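A.B. asks: Provided herewith is a single structure, encoded as structure tokens, for subsequent inquiry.
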Amino acid sequence: MKRTIFKTSEFATQRAALKFLATSLKLTIQRNELDGFAEACFNDNSLDELIEGLKMRAADETDCKNWGITPTQWRSSLEEALENRLFFALEAIEEE
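For the record, in the sequence shown the residue sitting at position 15 is 14 according to numbering that gives the first Met the number 0, with numbers rising by one throughout.
Okay, structure coming up:
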């Protein structure tokens with residue numbers, strides 16, 4: 000019985016941490032249909048790298064130039080990729 004209680008509380012803590020992270024970044028944990036730069040961000044960056052990108056004061060000029068996107072599109076793509084990362088992290092916790 001103790002093992003089940005520990006496992007449940009551990010999952011609840013992990014879920015709460017993911018939801019807190021999303022709230023603090025003003026994101027919604029959701030699955031997005033990614034394409035273009037957002038898909039590349041999701042595939043090529045870790046959760047921490049995406050968060051660091053959102054903390055940047057300005058969009059990466061090289062990314063914007065290479066992808067032909069605006070700074071607003073750059074930030075939106077990072078947000079979508081991060082929302083997906085959080086969605087799949089939450090899904091993985093709930094499946095265990």
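Beta carbons are placed, not taken as given, at the ideal position from N, Cα and C, and that holds for glycine.
The structure presented is a predicted model; accordingly, all values stated were derived computationally and were not measured.
Does the Cβ of Gly52 have 16 or more other Cβ atoms within 10 Å, making it buried, or fewer, making it exposed?
C.D. replies: Along the sequence shown, one-based indexing puts residue 52 at 53. Burial call: buried.
A.B. asks: Out of Glu93, Ala91, Phe86 and Glu94, which one is the CA nearest neighbour of Ala21?
C.D. replies: Along the sequence shown, one-based indexing puts residue 21 at 22. Minimum Cα distance to Ala21 is reached at Phe86.
A.B. asks: Please report the Cβ distance between Ala80 and Pro70, rounded to the nearest whole angstrom; I am assuming they are in contact, meaning their Cβ atoms lie under 8 Å.
C.D. replies: Position 81 of the sequence shown holds residue 80. Position 71 of the sequence shown holds residue 70. With a contact defined as Cβ atoms closer than 8 Å, Ala80 and Pro70 miss out at about 16 Å.
A.B. asks: Can you tell me whether Asn83 is buried or exposed, with buried defined as 16 or more other CB within 10 angstroms of its CB?
C.D. replies: As a first step, residue 83 is located in the sequence shown; it is residue number 84 there, counting from the start. Buried, because 16 or more other Cβ atoms sit within 10 Å of the Cβ of Asn83.
A.B. asks: Answer with buried or exposed for Ser8, where buried requires no fewer than 16 other C-beta atoms within 10 angstroms of its C-beta.
C.D. replies: Walking along the sequence shown from the start, residue 8 turns up at place 9. It counts as exposed.
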